[in-house]
Structures are given as structure tokens and as C-alpha cells.
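Novice:
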Amino acid sequence: MNDNYDFRALEEKWQARWEKEGIYQIPDFSDRPKYYCLEMFPYPSGKLHMGHLRNYSIGDVVARFKTMQGYHVLHPMGWDAFGLPAENAAIKHGVHPAKWTFNNIDNMRAQLKQMGISYDWNREVATCHPDYYRWTQWLFLQLFHKGLAYKKKAAVNWCPECATVLANEQVKDGGCERCKTPVIKRELSQWFFKITAYAERLLNDLKLLEGWPEKVKIMQENWIGRSEGAEIDFKVDGMDETITVYTTRPDTLFGVTYLVLAPEHPLVEKLIEGKREEAEIRKFIQKVRNLSELDRTSTEAEKIGLPTGAFCINPLTGEKVPVLIANYVLLEYGTGCVMGVPAHDQRDFEFARKYNFPIRVVIQPAGDKLDPSTMEAAYEGEGVMVNSGKFDGLPNKEGMKAVTRELEKLGKGRFRVNYRLRDWLISRQRYWGVPIPIIYCDNCGTVPVPESDLPVMLPMNVEFKPTGRSPLADCPEFVNTVCPSCGGPGKRETDTMDTFMCSSWYYYRYTSPRETEGPWDKAKVDYWLPVDQYIGGVEHAILHLLYSRFFTKVLYDLKLVNTQEPFTNLLTQGMVLKDGVKMSKSRGNVVSPEDIVARYGADTARLFILFAAPPDRDLEWSDQGVEGCFRFLKRVWRLAAPLADFLKGVPLAPAANLVGANREMRRITHNTIKKVTEDISNRFNFNTAISAIMEMVNALYQYKEIPETDRSPAVLRESLDTLLLLLAPFAPHITEEIWEATGHEGSIHQQPWPAYDPEAIQEDEITIVVQINGKVRERLLVPADLPPEKMQERVLQEPRVLRLIQDKKIIKIIPVPGKLVNIVVK
RNA sequence: GCGGGCGUGGCGGAAUGGCAGACGCGCUGGACUUAGGAUCCAGUGGGUUAACUCCCGUGAAGGUUCAAGUCCUUUCGCCCGCACCA
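Per my numbering, residue 4 is the first one in the first sequence, and the count goes up by one each step.
Next comes the structure, spelled out in C-alpha cells:
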């Protein structure tokens with residue numbers, strides 16, 4: 004070894020050798036306990052960014068650490084390769100999405116290899132490959148046969164400028180993410196997955212996910228948005244129609260002074276027909292429809308209501324109340340219709356004040372008396388029912404049940420659990436996605452493509468223009484086909500699937516990536532799943548993670564897998580910031596991983612990104628911090644270089660009967676093993692693990708300085724070997740090189756993780772602190788095993804302590820073994 | 001509005017209720033150098049002292065405790081998620 008840390012040469016050397024020897028390729032099964040370590044696969048946008056680098060560095064440490072600990076570790080990588088950017092590139096640059104995508108994959112794969120991440124590349128998958136999407140289609144069919152995939156008319160996001168449908172994720176602040184034009188809603192026939200059928204299980208099983216961050220579970224819980232309440236039927240006065248409302252407050256039924264429908268509610272047509280308000284209402288509905296999503300749902304927007312001229316009958320009081328439509332009522336939630344109780348709902352209160360509806364108090368808080376004429380806000384708290392007929396005097400919580408039971412008896416209402424979660428809209432009017440395997444036939448209707456005909460191949464020769472419908476629709480060779488049911492002419496579905504569908508099952512495919520008989524080999528999936536550790540950005544806290552959980556539950560019900568939850572432990576990494584804000588092209592504060600690797604090497608880049616912050620927190624990028632990590636690795640190199648040849652001749656023998664500096668060095672070594680092991684395995688605190696290793700290097704430098712005759716070669720060897728083993732998951736190249744140079748056979752990455760010797764970390768003497776009234780006044784060196792009584796004795800012999808308490812009265816003395824003694828005086 | 005998180009040196013960040021500021025960056029001084037943005041050594045929260053010392057200090061204010069960055073209450077600020085959900 005020479006003194007120069009030539010990271011370029013050695014990183015290249017080891018990447019080539021690892022690949023040649025296939026040390027990261029793992030067999031399907033093993034006697035060792037399995038461990039599935041997974042990082043969220045990237046969209047192949049072209050280049051890795053720092054977020055990727057952080058994600059994969061974290062995962063690689065976990066995978067390497069678990070491997071060294073003796074686990075059989077699955078650590079795969081692939082590409083979430085369908086999606087809009089490829090198509091946009093095609094429109095803009097005329098390059099085919101497939102070519103663009105596979106080029107990007109080649110680039111990014113090379114970058115990942117340069118980072119020295121320990122992936123089993125034999126298991127690589129790309130969701131845009133027919134061998135993969137064939138099974139995405141197959142899974143769609145399974146859902147279709149189960150009745151979990153269906154088609155219905157729905158309002159979708161529409162960008163008038165691009166003349167196309169947008170996914171929810173492509174709507175940013177109410178506008179098109181590409182051209183910023185406000186998005187409007189349009190009615191189109193769309194495919195959905197019935198995720199709402201799983202709402203209860205998705206909610207309840209969150210409790211099983213002990214290894215998930217609380218924050219993510221709460222976000223999912225809120226997204227599912229379960230609420231308990233009642234449906235109440237109001238008969239329309241003079242018509243054979245019923246308006247059903249959903250409410251969480253049936254106890255306030257006696258306070259209803261009007262009803263409000265969403266403008267799009269299907270009943271509105273009938274209610275206004277022939278009324279004198281008809282024209283005005285139609286105009287209003289049209290106006291609301293054309294509003295952008297942002298304006299439509301803004302809480303800032305003024306609440307506007309119009310009377311329909313119709314009236315409804317309160318099912319318990321028989322009272323006639325007016326029916327209105329208003330912009331603030333959402334068709335998609337509940338029944339698209341709410342009852343107005345101004346006294347006990349703030350929105351209703353403001354609405355009633357504006358339009359002069361009566362405010363009727365029906366819940367009276369304890370020790371207070373609400374007066375509608377002087378109320379400044381609705382009272383939404385608990386209380387006792389009043390003005391409510393036979394329910395008067397009942398606490399409102401009981402009233403909720405009592406009123407609903409009464410309605411049930413009358414057949415005019417029922418208990419109802421409601422969810423905020425909506426069914427998952429999976430159709431996209433886009434080309435670069437998985438074709439939905441459905442054929443429409445004039446005779447047979449909607450016919451699924453037979454499994455034996457899969458995959459429905461995505462045609463390659465299509466035009467890319469933003470026409471507002473899938474480019475597939477303009478491709479007759481694709482559209483026109485034969486009905487598999489009757490043999491007559493049929494037309495293919497031209498929508499493709501949401502890419503979230505592709506990413507909802509990829510972690511199963513890794514277990515048997517080249518399987519041709521099914522989406523996966525059941526035995527292999529049963530062996531590997533669930534994923535033991537999943538790592539990725541918190542931006543996927545809801546969509547991807549919820550969809551994957553839904554899929555897993557469906558697959559479980561279909562007996563295709565036997566796990567109910569896909570990811571046992573989840574780590575959501577923080578963002579990479581520069582100057583306090585997220586790195587982004589538009590801000591121009593991007594630091595490219597490529598440049599960092601070229602300048603300092605992969606080991607330095609990885610080390611810095613793990614050292615600069617705990618993984619779940621945001622990380623502030625610092626060029627100087629990178630420099631510091633580079634310096635540290637050079638320091639490790641220069642520590643080992645002059646010793647390498649010497650150490651080759653030192654036998655691996657346990658050092659016994661050590662004293663002085665030798666004993667201390669060994670103690671530090673074993674303490675570091677303990678600290679690093681605990682920091683990685685208990686809490687993923689890589690930053691403190693690395694600082695412990697830095698401290699050990701500092702200690703080794705000091706140890707190296709003592710006269711050679713006083714130094715124990717066995718201790719030196721053990722310490723250096725240990726240092727390399729502990730550092731190996733973080734900086735795999737430099738440690739491998741030094742491992743070889745110091746005379747070891749075989750890759751360092753296939754060595755067992757070191758265990759600490761409890762005896763070695765024993766200390767004879769420790770420093771304890773003497774506090775007087777909680778303030779540190781003295782430090783004493785005492786035997787480590789000194790019992791509390793003796794500590795007390797020892798402390799009271801100390802002249803300095805005696806001086807400080809001489810004219811005070813000792814109230815009590817609290818000895819804490821191994822730590823301190825606190826003397827309370829007065 | 002609701003939900004969650006975070007406030008510690010000049011900076012990134014450490015601290016099972018028990019020595020606040022580990023480790024790293026930066027900075028100051030020095031050594032070695034023709035030179036260095038290489039490397040090594042020493043110092044580095046604020047105040048006080050000739051020195052030993054002593055006092056103050058984890059956004060703010062209270063509280064619990066022998067002991068609080070850590071637990072409780074109130075409050076301010078920043079970040080994130082959801083947002084007219086009936």
C-alpha cells in the first residue's frame with residue numbers, strides 16, 4: 004500500500020471484481036434466516052439525484068450489515084418505468100418513450116454501480132417490460148373477476164390547455180403541473196379499483212404495523228377518514244322522492260332549518276324542473292362546474308347558496324324545510340347532501356346568518372344558556388338535548404344513538420359508517436403505460452382478455468400528440484381485434500393503467516423475476532415476504548404505501564400470497580436540502596451525485612450523506628462536510644498504509660492479560676463494536692455510528708504513536724480489522740482494499756460482523772461526579788464496582804467537598820452507582 | 001381550521017431524567033513547507049477572574065423532581081400533511 008488514497012482506481016477495481024465474482028447474487032433459499040431489505044425503486048428520469056443517493060446508501064448499509072450478521076439478505080433494484088415524463092419527452096424531442104426510458108435506465112444503473120450498492124442485479128425488473136406488464140395485466144384480471152375492478156362515469160381532472168386528463172398527482176395547487184393552467188373537472192368513463200371495500204381492514208391493520216413511523220400511520224388514518232353517523236331520509240314535499248343526508252350529528256336533527264344539495268347532485272334536475280328558479284340555478288350549476296378544483300374546494304371561497312323552490316319533511320318533526328343547492332357541498336362525500344343545523348355547525352351558522360335562516364338551539368351546554376339572537380358562533384361541543392321533543396334532557400352523545408334508533412324504527416334512517424377514502428381511479432388516457440386488458444364487443448359487452456392472450460402488447464408505432472385521448476385510440480391495428488367470447492369484431496380498451504398499479508406489486512416480482520408461469524413463484528414469495536425493511540421518501544406515505552397494502556390484502560384473499568401486510572418495518576427518509584430548501588432544478592441549488600463521486604469517490608459521498616443527519620430527518624448539504632468525510636477516509640488510509648505489510652505477519656490471536664495502553668486500546672475497540680452495532684440495529688442512527696468509528700480512528704492514531712516495544716501487535720491487528728469491519732457497510736471500497744492489503748482472504752463483505760467481548764469493555768476505575776444541590780462540584784476516580792454506601796463514604800472524605808458543605812446541614816445524599824453522588828444541603 | 005414534527009454553539013448535529021454541546025465542519029494560534037485549499041499539534045458556548053474559581057446558558061414562562069434539553073402545563077416561531085369531509 005502506498006500513502007496515496009487513490010479512490011478512483013480502487014473503487015473501479017472492486018466494482019469490477021464484485022461483479023465478476025457475483026458476491027451480491029443471492030440464492031432463492033437458504034438455511035440462514037431471511038431478511039428482505041428494499042428501497043423504493045426509482046422512476047428512470049435520467050440521472051440519480053441526492054434523494055436517490057440517500058435512499059440507497061441507507062438501504063445498502065442495512066443490507067450489508069444484515070448480511071454480515073448472518074442473514075440471507077434479498078436486496079434488489081428495478082425501475083418504475085412507465086409514466087408521463089417519457090411521453091412528454093416524446094412529444095418534445097421526438098424520441099420514442101421506450102428508447103428514452105431504456106437509455107435512462109442504462110445511465111442510472113451505471114450510476115448505481117458506481118455507488119457500490121450491493122444489489123443483486125440478476126433480479127432487476129422494469130415495469131415497462133412486457134415480461135413484467137404481462138403480469139400487471141394478469142393481476143388486473145384477477146381484480147376484475149373478483150368484482151374489484153369496474154368502470155363508471157367520473158369527474159376527472161382536465162387541463163384545457165394541454166387538452167388531456169391529468170392524474171391527481173399531476174395537479175399542483177389546482178393547476179396543470181406542466182403549463183399551470185387551472186384544472187377543471189370533466190365527466191368521463193373510467194376504470195376504478197374498489198379500494199373502499201378494504202377501507203376497514205386498511206384502517207384496522209395499521210395497528211399491526213409497529214415498525215412504521217407514527218406519522219405515516221396517522222396520515223393513512225386521516226386519508227381513510229372513517230366517521231360514524233347516520234343516514235337520514237327526508238321526503239320531498241309533494242313529490243315521490245327522498246333526499247338522504249349523511250350526518251355525524253343525528254342528535255341535532257331537531258335543529259335542522261334547511262337542506263343543502265351539491266350542485267351536481269342527480270336529484271337537482273327533478274327538483275327544479277318547471278320551477279321559476281330553474282334558469283338561475285342552471286346558470287349557477289354551470290358556473291360551479293367550470294370552476295377550477297382549487298377555487299371549488301377553497302375554504303376561503305364565499306359560501307353561495309340558491310333555493311331550489313322545493314321543500315323537505317323532517318322525518319321526526321314533520322316540519323317543512325327549504326331545499327337549497329350550495330357550492331360548498333361536495334357530491335363525492337357522504338350522500339352529496341347535508342342537513343343545515345346553524346346552531347351547531349359553524350359552516351351552517353355562517354350560511355344561515357348570510358341567508359337569514361332560523362338558528363335553533365337543540366344542544367345546551369352545561370352551565371350555559373345559548374341564545375340564537377346573540378350567538379357569535381355555532382356551539383359544536385357536548386351538552387344536553389333541548390327543543391327535541393321526547394329526547395329533551397338526554398345528553399347529546401346518547402342522543403345520537405337514540406335518535407338514530409328511533410329513525411330505524413320508522414324506517415327513515417340508519418346507522419352508517421362513512422369513509423373519506425374514494426375508489427382508486429386507475430385509467431389514464433395515455434400511451435406509456437400498461438394497456439388495460441379489456442375488449443368491448445357489441446354482442447358480449449365488456450370482455451376480459453383471456454389470460455393465455457397476455458400480454459396485450461403496447462404498440463410501438465404511434466403518434467405522440469396531446470389530443471386529449473390515448474394515442475392508442477388512433478392506432479387501428481391496436482384497437483380493432485376479435486372478441487374472445489363470440490369471435491366477432493371487438494375494440495380494445497385504449498386507456499392505460501395508473502403507474503401506481505405497477506409499483507403496487509414489484510416487491511413480489513423480485514423474488515422470482517423471470518417467472519413465466521405466473522406473476523411469481525409462490526414458494527419464493529412465501530419465503531421472502533413480507534419485506535423486513537422498506538426505505539423511501541415520505542412523499543409516498545399515502546398513495547404508494549396505501550395501494551401496496553390494498554394489493555397485498557387482495558392477493559391474500561386470492562390466496563396468492565400469505566402475508567396481510569407487505570412491509571413490516573418502514574423508514575421514511577428526510578429530504579436533502581441546500582441552503583435550507585429542497586434541492587430542485589428550478590431553484591438552481593442542485594448538487595449532482597455524479598460530480599461528488601467524480602471528485603471524492605463513492606465511499607466519501609455515501610459516508611457524508613449518512614453522517615450529516617439521522618436518516619429520517621432533513622439533511623442540509625454541505626460541501627465542506629463532504630470534504631471532512633473525505634479527510635476522514637484519507638486518515639483511515641494513512642493509518643493502515645504503513646502497517647499493512649507488518650500486519651500481514653501478525654497471527655490472529657486473542658490478546659490476553661493486557662495492561663495500560665494495550666488494554667485501553669482493546670477496550671475502545673470493543674466499546675466501538677458495541678456502540679456501532681446498537682446504533683445501526685436499534686435505531687438506524689448511522690450518524691452516531693460513524694462518529695464512534697471516527698473516535699476509534701483518533702484513538703488508533705494515538706495508540707500508533709507509543710513505542711513499538713510497548714505495543715501489542717495482536718491488539719493492533721484486532722483493532723484495525725475491527726475498524727475495517729465496522730466501516731465496511733458505510734464505505735465498502737476502501738475497507739475492501741485495506742482488508743486485502745492487510746493479508747485477508749475473501750471479501751470483507753462476506754465476513755461475520757464482529758461481536759464485542761464483555762470482559763474487554765470492563766473498566767477498573769471510573770470518574771464519578773459529585774453534585775451539591777444538583778450542581779457539579781467535583782469529579783473523583785473510584786473503582787468501577789464501588790457500591791452506593793461506599794460511594795457516599797468516599798465522597799464525604801474529599802476535602803474539597805467537605806469545605807463546600809462545612810457550614811451547611813446535609814438533608815440527604817443520593818448515590819447513583821457508576822454515575823454520581825448528589826448531596827442535598829441547606 | 002384539523003393532524004403531525006421540530007426549536008440545543010458561527011454551522012450539521014450528540015446527550016436510557018444524572019457531567020449539555022460527543023463527532024464533524026468552520027474559526028484562532030502554532031509546526032512542517034519555496035508554497036498550499038496537503039498534513040500534524042493546541043484552542044474554540046457566553047460572561048467573570050492574575051489564577052484557583054464562580055455565575056449564566058438547550059425559543060419563552062411556569063411546574064414536577066435530590067437532579068430537566070429530556071417529563072407536565074401554557075405560550076411563541078418554523079416545517080410538513082390534510083383541508084368546506086357535514
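All C-beta atoms in this analysis are idealised placements derived from N, C-alpha and C, irrespective of residue type, glycine included. Because the structure is a prediction, the values reported are computed rather than measured.
Among A758, A787, D760, which one has its Cα closest to the Cα of E768?
Specialist: Nearest C-alpha to E768: A787.
Novice: Taking only the alpha-carbon atoms, compute the straight-line gap between I817 and F570 and give it to the nearest angstrom.
Specialist: 47 Å
Novice: Between the segment 252-259 and the segment 406-413, do three or more beta carbon pairs fall short of 8 Å?
Specialist: yes
Novice: Quick check on DSSP: helix, strand or coil for Q765?
Specialist: coil
Novice: Alpha carbon to alpha carbon, what distance is there between C632 and L56?
Specialist: 16 Å
Novice: State yes or no: is the C-beta of Y249 within less than 9 Å of the C-beta of P325?
Specialist: no
Novice: Can you tell me whether Y704 is buried or exposed, with buried defined as 16 or more other CB within 10 angstroms of its CB?
Specialist: exposed
Novice: Shortest alpha-carbon distance to E224 belongs to which of K400, G214, N207?
Specialist: The residue with the shortest Cα to Cα distance from E224 is N207.
Novice: Please report the straight-line C-alpha distance between R797 and N776, rounded to a whole angstrom.
Specialist: R797 and N776: Cα-Cα distance of roughly 18 Å.
Novice: Are Y427 and I227 touching if we call contact CB-CB under 9 Å?
Specialist: The sequence given here has Trp at residue 427, not Tyr. In this structure, I227 does not lie closer than 9 Å to W427 by Cβ.
Novice: Going along the chain, which residues of its own chain have a beta-carbon closer than 7 Å to the beta-carbon of F360, five neighbours each way excluded?
Specialist: T260, Y261, G343, P345
Novice: How long is the line joining the alpha carbons of E305 and H52, rounded to whole angstroms?
Specialist: 43 Å
Novice: Alpha helix (DSSP H) containing H75: first to last residue?
Specialist: Counting along the chain, H75 falls outside any alpha helix (DSSP H), though it belongs to the beta strand (DSSP E) covering 75-77.
Novice: Sorted by chain position, which residues of the same chain lie with C-beta nearer than 7 Å to F418's C-beta, five sequence neighbours on each side aside?
Specialist: A233, T407
Novice: Does DSSP classify T199 as helix, strand or coil?
Specialist: In the structure shown, T199 adopts helical secondary structure according to DSSP, grouped into three states.
Novice: CA-CA distance, D395 and R363?
Specialist: 14 Å
Novice: With the cut-off set at 9 Å, would you say D236 and L41 are in Cβ contact?
Specialist: Cβ distance not < 9 Å, so D236 and L41 don't count as in contact.
Novice: What residue range does the alpha helix (DSSP H) around C478 cover?
Specialist: Element bounds for C478: n/a, residue is neither H nor E.
Novice: Is it true that the segment 190-197 meets the segment 424-440, where meeting means three or more beta-carbon pairs spaced less than 8 Å apart?
Specialist: The segment 190-197 makes contact with the segment 424-440: 3 or more CB pairs, one atom from each, lie closer than 8 Å.
Novice: How far does the alpha helix (DSSP H) with Y39 in it extend, from its first residue to its last?
Specialist: No alpha helix (DSSP H) holds Y39; the beta strand (DSSP E) holding it covers 37-42.
Novice: Give the C-beta separation of L723 and L636 to the nearest angstrom, bearing in mind that I take them to be a contact with Cβ-Cβ under 8 Å.
Specialist: Your pair L723 and L636 does not check out as a contact, with CB atoms roughly 15 Å apart and the cut at 8 Å.
Novice: Can you determine whether any heavy atom of the ligand HEM sits closer than 8 Å to the C-beta of A544, and answer yes or no?
Specialist: In the structure on display, the ligand HEM does not appear, and there are no ligands present to speak of.
Novice: Which full runs of the alpha helix (DSSP H) of 4+ residues lie inside the segment 766-795, going along the chain?
Specialist: none
Novice: For H75, which residues of its own chain have a beta-carbon under 6 Å away from its beta-carbon, when the five flanking residues on both sides are left out?
Specialist: The answer, listed in chain order, is S33, R35, K37.
Novice: Distance check for T470 and D31, CA to CA, integer angstroms please.
Specialist: 47 Å
Novice: Mind checking V128: buried by the 16 CB within 10 Å criterion, or exposed?
Specialist: So V128 counts as buried.
Novice: V662 to R670, Cα distance in whole Å?
Specialist: 11 Å
Novice: Looking at C-alpha atoms only, which residue of M4, V450, G821, T70 is the closest neighbour of S684?
Specialist: T70
Novice: When burial is assigned at 16 or more other CB atoms within 10 Å of the CB, is N293 buried or exposed?
Specialist: exposed
Novice: Which whole-angstrom value describes the C-beta separation of V564 and Y511, a residue pair presumed to lie in contact below a C-beta threshold of 8 Å?
Specialist: About 7 Å separates the beta carbons of V564 and Y511, which is inside the 8 Å limit, making them a contact pair.
Novice: Which ranges would you report for the alpha helix (DSSP H) in the segment 503-568 if only whole runs of at least 4 residues count?
Specialist: For the segment 503-568, whole alpha helix (DSSP H) runs of length 4 or above, ordered along the chain, are 509-512, 525-531, 546-560.
Novice: Mark V420 as exposed unless 16 or more other C-beta atoms lie within 10 angstroms of its C-beta, in which case mark it buried.
Specialist: exposed
Novice: One question on the structure: do P716 and V653 come within less than 9 Å of each other, judged by their Cβ atoms?
Specialist: In contact: P716 and V653 (Cβ atoms closer than 9 Å).
Novice: Please go through the same chain and pick out, in chain order, the residues whose beta-carbon is closer than 7 Å to the beta-carbon of A2, but skip the five residues on each side of it.
Specialist: With the chain covering only 4 through 829, there is no way to say anything about residue 2.
Novice: By Cβ distance, which residues of its chain are closer than 7 Å to K811, with the 5 residues on each side in sequence left out?
Specialist: Taking C-beta separations shorter than 7 Å and ignoring five residues to either side along the sequence, the partners of K811 in its chain run V828, K829, following chain order.
Novice: Quick check: what's the CA-CA separation for S391 versus A355?
Specialist: 20 Å
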